[in-house]
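Asks:
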Amino acid sequence: MVAVLPAMPPLKTAGSVLRWIKAFFTHFYAKEITMDLMNNCASSAVDVILKYNIRRYSMYTTRLKKVGGSVMLAVPPAVLKTLALSTDSEVGMTIDNGCLIIEPRKRPCYSLEELLAQCDPNAEISEEDREWIDAPAVGREIL
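In the UniProt record's numbering, the protein residues as written are 1 to 143.
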């Protein structure tokens, strides 16, 4: 079933766009909505809201628990799998309009070429580095 929504009136603020969306989502219960709705949106934030609602991702509910002196947020395994997260994964937290947003933080990975490109091969070696390089072997180092 496809619900075709009427043309969006000229909207000047994000609030008016959200009110229009809320009005139509309360009247239509559809599995798919035509892309015309998304093409008429001026704000990328509204696009994200519409894409989220159109795909009908289920909202997970979890309870905050006290663990020692901290409060823990339990994340369902399906969410962890979807975001490729596990125990000790680093995430960032922000607050936006009273909503807690948790996003995965990926540690940057550098190739050897990228790291060496930042080095100056003509730079002088410091006295400390020279002592370390010239120090005699003290174990079973392989040179």
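Cβ atoms here follow ideal geometry from the backbone N, Cα and C, with glycine treated the same way. Quick caveat: nothing in here was measured; it's all calculated off a predicted structure.
Mind checking whether Ala-74 and Thr-62 have CB atoms under 8 angstroms apart?
Replies: Going by C-beta atoms, Ala-74 is nearer than 8 angstroms to Thr-62.
Asks: Comparing C-alpha positions only, which one of Pro-76, Ala-84, Arg-105 and Gln-118 sits nearest to Glu-90?
Replies: Arg-105
Asks: Please list the terminal residues of the continuous alpha helix (DSSP H) segment that includes Lys-81.
Replies: 77-82
Asks: When the Cα atoms are used, what is the spatial distance from Trp-132 to Glu-141?
Replies: 14 angstroms
Asks: Excluding the 5 residues flanking Val-79 on each side, which residues of the same chain have their C-beta closer than 7 angstroms to its C-beta?
Replies: Tyr-60
Asks: List the residues that DSSP assigns as beta-bridge partners of Asp-65.
Replies: One point to set straight first is that residue 65 is Lys, not Asp, in the sequence displayed. Lys-65 is bridged to Met-72.
Asks: Determine the direct distance from the alpha carbon of Pro-76 to that of Thr-94, and round the result to whole angstroms.
Replies: Using only the alpha carbons, I get a separation of about 20 angstroms.
Asks: Report the rounded CA-to-CA distance for Ile-125 versus Asp-134, giving the unit in angstroms.
Replies: 12 angstroms
Asks: Is Asp-47 buried or exposed, if buried means 16 or more other CB atoms sit within 10 Å of its CB?
Replies: In this predicted model, Asp-47 has a pLDDT of only 49, less than 50, meaning its place in the structure is not dependable; the value taken from the coordinates is given anyway. Under the 10 Å beta carbon count, Asp-47 is surrounded by fewer than 16 other beta carbons and is classified as exposed.
Asks: Just verifying my parser: in three-state terms, what is the DSSP assignment at Asp-120?
Replies: coil
Asks: In this structure, how does DSSP classify Leu-100 when only helix, strand and coil are distinguished?
Replies: strand
Asks: Which first and last residues belong to the alpha helix (DSSP H) in which Ile-133 is found?
Replies: Segment 127-134, the alpha helix (DSSP H) holding Ile-133.
Asks: DSSP beta-bridge partners for Ile-95?
Replies: By DSSP's assignment, Ile-95 forms a beta bridge with Leu-100.
Asks: Can you tell me whether Leu-115 is helix, strand or coil according to DSSP?
Replies: helix
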